[in-house]
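Shown next, in structure tokens, is the structure this report addresses.
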Amino acid sequence: MARLKVTQVRSVIGTKHNQRESLRSLGLKRINDVVVKEDRPEIRGMIFTVNHLVKVEEVE
Numbered sequence: 006m007a008r009l010k011v012t013q014v015r016s017v018i019g020t021k022h023n024q025r026e027s028l029r030s031l032g033l034k035r036i037n038d039v040v041v042k043e044d045r046p047e048i049r050g051m052i053f054t055v056n057h058l059v060k061v062e063e064v065e
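Residue 58 in the working numbering sits at position 53 of the sequence shown, with consecutive numbering throughout.
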């Protein structure tokens, strides 16, 4: 199964509450934090919510 490397590149200051909670659920707390997650629809949905705050790469 594919994996996604998610990096937070922008601050959460001024964002909506649901966007902050999506980042927290992904495991991102501050700029330049990196997490590797399984490529699942739930994770894709959270990434879609905060796509302007993160950078996503596919890793194997």
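C-beta atoms are modelled at their ideal positions from N, C-alpha and C, and glycine is treated no differently.
Bear in mind that the values here come from a model prediction, so they are computed numbers and not experimental data.
Assigned with DSSP and collapsed to three states, residue 29 falls in helix. Between the C-alpha atoms of residue 26 and residue 41 there is a straight-line separation of about 18 Å. For residue 9, the pairing in a beta bridge is given by DSSP as 42 and 63. The residues 7 and 9, in chain order, have a CB closer than 7 Å to that of residue 63 in the same chain once the five nearest residues on each side in sequence are set aside. Taking the CA atoms as reference points, residue 35 sits about 7 Å from residue 16.
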